[in-house]
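Below: one structure, written as structure tokens.
In our numbering, the protein residues as written are 1 to 84.
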């Protein structure tokens with residue numbers, strides 16, 4: 001199922017919603033799954049059903065992974081800079 005143009009436009013414009021909690025270039029920490037504990041950057045919105053799923057470029061450069069929004073959390077700028 002394709003993503004409605006308005007939702008995709010909002011994703012690339014940095015406009016969050018209840019359905020899309022993350023947008024392009026957000027720095028996130030993965031909280032569950034194969035890449036649990038790793039940080040990365042949101043680079044693409046893959047799908048919105050049944051739950052928003054994003055492509056995350058891992059900060060260590062090891063891979064790009066697909067993660068549902070319930071399995072990640074926002075990393076604040078101060079958290080990110082303390083570790084890098």
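No residue lacks a Cβ here, since even glycine has one placed at the ideal position from N, Cα and C.
In DSSP terms, what residue i is bridged to
i          : result
residue 28 : 40, 74
residue 54 : 45, 67
Inter-residue spacing [alpha-carbon to alpha-carbon] between residue i and residue j
i          : j          : result
residue 8  : residue 45 : 7 Å
residue 31 : residue 21 : 15 Å
residue 26 : residue 62 : 18 Å
residue 72 : residue 64 : 14 Å
residue 39 : residue 52 : 18 Å
residue 67 : residue 4  : 20 Å
Reduced DSSP category for residue i - H, G, I as helix; E, B as strand; rest coil
i          : result
residue 35 : coil
residue 22 : coil
N-terminal and C-terminal residue of the alpha helix (DSSP H) that residue i is part of
i         : result
residue 3 : Neither: residue 3 is in no alpha helix (DSSP H) and is coded neither H nor E.
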